[in-house]
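Reviewing the structure listed below.
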Amino acid sequence: MTDAVMERIDRLYELLPVVYRQRDIAQGLPLRDLLRAIAEQVNIIENDIEQMYDDWFIETCRDWVVPYIADLVGYPAVHAAVLDGENAETRLRGRALVPRRSVANYTRALRRRGTLALLENLAADSAGFPSRPVEFYNLLARTRSLNHPDRGGRLVDLRQGETLDLIDSPFERSAHIADLRNVEAQRDAGRYNIPSVGAFVWRLRSYPMTDVPAAFLQHRSRGYAFYTFSPLGNDAQLFTSARREDDPSDIADEINVPAPIRRRALELHRDDYYGAAKSFSIWLNDATEPVAAENIVAADLTNWKYRPKEKDQVAVDPQLGRIVLTDEARSIRVSYHYGFSADVGAHESPRMVSQPRDAVLYRVGSAEEYPKLALALEEWKKDQKKDPKDPEFSPNAVIEIADSDVYTEKLDEIEILAGRSLQIRAANRCRPILRFIDYDIQRGERLRIVMHARAR
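Here is the structure:
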């Protein structure tokens, strides 16, 4: 027995005065043996009481208790006869038919019934979508109470641009007159009424692009240079890198959901969106630190009409994903988030990768052995010429790009012999971009892949 077990068995004996223990030792320890037998039964009763206390809670109860707690709270459980017995098969069956996590979530929902936070959790648990529930009666215009002067609706203040910008959004603050139509009306549902509660759901998810080069578009007179966040040179709206609420009972705010970043929101709450490990950041001229937040200016860059007022300022349009600098930068790298519907396609998200066991791996990247894709392909072609009997030879190869950079390459032809395989893929949580160059204008930009079929 361990020391801890012996200490519990001898704890009654240790309570005796030393004189009685000395006499007991002289007589061959009969009193110790008696007290050990009593302590053993006391320990069994104490353990049972502690276990019964743990069984009161879904988080700590034994597996066979879970169906009974589920029945108490009204969770639809299976018949108890199916879960009779204490063998391993019965326990596994019980875990499958009455999951502890589901019962715990059901109990949590019952405790928080009638709260907006519960509606937010239900949307996340049932569909996996972030949401913001709204009680529309709080947005009704009504006579101001003298006892509660800060309650009740008011006229729209045209000088408050933020309030105007949020009209008809999930984060609206303006007051409305009562809308007496039904919320389930077929054509135009009524929204602002006393019994009306709604939940705004964000279907798009926010995906990161980490340390990628911004696309240079053109250089205008007086030194201004125009860029896009997207390395492809297209407009791409910036999204919020959603962060959890500080308190589970809080309702999601604009910074807590994967919503598009508004120009006015960036202007008024710049520190919430800009900076390292936030929604977006900008590095100029190979600097180790991003541009200071005070130099970021929110602007409307439609038609590229806006110009920064100061030399160090960087104008950013989050709704179009555009950047304007007062002078062309030697290099400009950005990190940002964009919106997409699911983990399908090229994203910096975890993905399953598979390859043959004997495949040779060639890693491409600025910090890897091969800085260019073409160099890795040349090495692969050399290895494919080795004698198949060579123990270091493998017919299977994987070229993995280990960052999210842009690779501008001139690749003419890739020839794969019969019985061999080649994977060109992005590493996990990377999204590289390949741009192929063709110097023959008559042929157009293309990459030929020639595969030889296995002879029969």
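Numbering of the sequence shown is given in our numbering, commencing with residue 194 and proceeding in unit increments.
Glycine included, every Cβ here is placed at the ideal spot set by N, Cα and C.
Kindly indicate which residue of the options has the alpha-carbon position closest to the one of residue i.
{"i": "Ser559", "options": "Glu593, Asp443, Arg294", "result": "Glu593"}
{"i": "Lys565", "options": "Asp596, Pro588, Val537", "result": "Asp596"}
{"i": "Arg398", "options": "Glu606, Pro453, Leu570", "result": "Pro453"}
{"i": "Leu513", "options": "Gly354, Thr421, Ser319", "result": "Thr421"}
{"i": "Ala408", "options": "Arg325, Phe419, Arg306", "result": "Phe419"}
{"i": "Ile387", "options": "Phe629, Asp404, His369", "result": "His369"}
{"i": "Pro260", "options": "Arg293, Val235, Arg214", "result": "Arg293"}
{"i": "Gly383", "options": "Arg366, Phe329, Gln353", "result": "Phe329"}
{"i": "Leu604", "options": "Glu365, Ala297, Ala590, Leu627", "result": "Leu627"}
{"i": "Ala297", "options": "Thr308, Asp318, Glu313", "result": "Asp318"}
{"i": "Glu661", "options": "Pro511, Tyr213, Glu233", "result": "This structure leaves residue 661 out entirely; the chain is present only between 194 and 649."}
{"i": "Tyr206", "options": "Asp196, Gly221, Leu227, Ala539", "result": "Leu227"}
{"i": "Lys575", "options": "Pro549, Asp551, Asp248, Ile609", "result": "Ile609"}
{"i": "Glu561", "options": "Arg352, Asp598, Ile202", "result": "Asp598"}
{"i": "Glu656", "options": "Glu571, Pro625, Tyr246", "result": "Not covered by the structure: residue 656. The range shown for the chain is 194 to 649."}
{"i": "Thr403", "options": "Asp443, Ile475, Asn496, Arg437", "result": "Ile475"}
{"i": "Asp264", "options": "Tyr466, Ala535, Pro625, Ser295", "result": "Ser295"}
{"i": "Ser442", "options": "Arg306, Ser367, Arg366, Phe250", "result": "Arg306"}
{"i": "Ala371", "options": "Thr336, Asp350, Asn340, Pro363", "result": "Thr336"}
{"i": "Glu438", "options": "Pro323, Ser367, Phe473", "result": "Pro323"}
{"i": "Pro549", "options": "Asp248, Asn240, Ser614, Thr601", "result": "Ser614"}
{"i": "Gly267", "options": "Val517, Pro625, Val327, Tyr299", "result": "Tyr299"}
{"i": "Asn240", "options": "Tyr466, Val198, Trp257", "result": "Val198"}
{"i": "Val327", "options": "Pro269, Trp573, Leu312", "result": "Leu312"}
Can you grab the Cα-Cα spacing for the pair residue i / residue j, in whole Å?
{"i": "Arg515", "j": "Asn621", "result": "28 Å"}
{"i": "Thr519", "j": "Leu425", "result": "22 Å"}
{"i": "Ala522", "j": "Val507", "result": "11 Å"}
{"i": "Asn331", "j": "Ala310", "result": "16 Å"}
{"i": "Arg649", "j": "Pro483", "result": "Reliability fails at Arg649, whose pLDDT of 35 lies under 50, so the model's placement of it is uncertain and the value that follows must be treated cautiously. One C-alpha to the other measures close to 59 Å."}
{"i": "Met545", "j": "Ala445", "result": "32 Å"}
{"i": "Ala611", "j": "Tyr499", "result": "58 Å"}
{"i": "Thr556", "j": "Ala569", "result": "According to the sequence shown, residue 556 is Arg rather than Thr. Each residue's Cα considered, the two are about 8 Å apart."}
{"i": "Leu208", "j": "Gln215", "result": "13 Å"}
{"i": "Ser659", "j": "Ala480", "result": "Coverage of the chain is limited to positions 194 through 649, which leaves residue 659 absent and any answer about it impossible."}
{"i": "Glu355", "j": "Glu447", "result": "13 Å"}
{"i": "Tyr400", "j": "Lys579", "result": "42 Å"}
{"i": "Ala470", "j": "Glu541", "result": "15 Å"}
{"i": "Pro501", "j": "Leu494", "result": "11 Å"}
{"i": "Gln411", "j": "Glu503", "result": "20 Å"}
{"i": "Gly538", "j": "Thr195", "result": "56 Å"}
{"i": "Ile238", "j": "Gln244", "result": "10 Å"}
{"i": "Ala274", "j": "Cys254", "result": "Since pLDDT at Ala274 reaches only 47, below the 50 mark, its modelled position is unreliable, and no value is offered."}
{"i": "Val211", "j": "Leu222", "result": "13 Å"}
{"i": "Leu160", "j": "Tyr246", "result": "With the chain covering 194 to 649 only, the question about residue 160 has no answer from this structure."}
{"i": "Met301", "j": "Ala567", "result": "The displayed chain sequence assigns Arg, not Met, to residue 301. Using only the alpha carbons, I get a separation of about 56 Å."}
{"i": "Ile630", "j": "Leu554", "result": "25 Å"}
{"i": "Arg618", "j": "Val591", "result": "8 Å"}
{"i": "Ala316", "j": "Gln577", "result": "53 Å"}
{"i": "Pro451", "j": "Pro543", "result": "18 Å"}
{"i": "Ala535", "j": "Asp505", "result": "38 Å"}
{"i": "Asn427", "j": "Pro406", "result": "13 Å"}
Is the beta carbon of residue i less than 7 Å from the beta carbon of residue j?
{"i": "Arg457", "j": "Asp358", "result": "yes"}
{"i": "Arg225", "j": "Asp217", "result": "yes"}
{"i": "Leu459", "j": "Ala491", "result": "yes"}
{"i": "Tyr417", "j": "Leu333", "result": "no"}
{"i": "Ser524", "j": "Asn488", "result": "no"}
{"i": "Asn589", "j": "Ala552", "result": "yes"}
{"i": "Pro363", "j": "Arg325", "result": "yes"}
{"i": "Ile251", "j": "Ile262", "result": "yes"}
Quick check on the DSSP output: the beta strand (DSSP E) that includes residue i runs from which residue to which?
{"i": "Val394", "result": "390-394"}
{"i": "Asn589", "result": "589-594"}
{"i": "Gln411", "result": "408-412"}
{"i": "Ala334", "result": "Premise fails: Ala334 is in no beta strand (DSSP E) and is neither H nor E."}
{"i": "Asp510", "result": "507-510"}
{"i": "Thr495", "result": "It is not in any beta strand (DSSP E) - Thr495 carries neither H nor E in the DSSP assignment."}
{"i": "Ile218", "result": "Careful: Ile218 lies outside any beta strand (DSSP E), inside the alpha helix (DSSP H) at 211-219."}
{"i": "Tyr299", "result": "Careful: Tyr299 lies outside any beta strand (DSSP E), inside the alpha helix (DSSP H) at 293-304."}
{"i": "Tyr529", "result": "525-533"}
{"i": "Leu461", "result": "From DSSP, Leu461 is part of no beta strand (DSSP E) but of the alpha helix (DSSP H) over 456-461."}
{"i": "Val602", "result": "The sequence given here has Glu at residue 602, not Val. Here the beta strand (DSSP E) through Glu602 covers 599-602."}
I need the boundaries of the alpha helix (DSSP H) containing residue i, first residue and last residue.
{"i": "Ile262", "result": "259-266"}
{"i": "Glu571", "result": "566-577"}
{"i": "Leu315", "result": "309-320"}
{"i": "Glu239", "result": "223-247"}
{"i": "Tyr563", "result": "Taken as a continuous stretch (DSSP letters only), Tyr563 belongs to no alpha helix (DSSP H), as it is neither H nor E."}
{"i": "Leu205", "result": "204-207"}
Between residue i and chain B, is the shortest Cβ-Cβ distance under 7 Å, so that the two count as touching?
{"i": "Ser474", "result": "No chain B is part of this structure, which consists of one protein chain only."}
Is any heavy atom of the ligand NAD found at a distance shorter than 6 Å from the C-beta of residue i?
{"i": "Tyr531", "result": "In the structure shown, the ligand NAD is absent, as is every other ligand, since no ligand is present at all."}
Count Cβ pairs between the stretch 578-585 and the stretch 381-396 that sit closer than 8 Å; are there 3 or more? no
Please determine if the stretch 428-440 and the stretch 518-532 are in contact, where contact requires at least 3 C-beta pairs separated by less than 8 Å. yes
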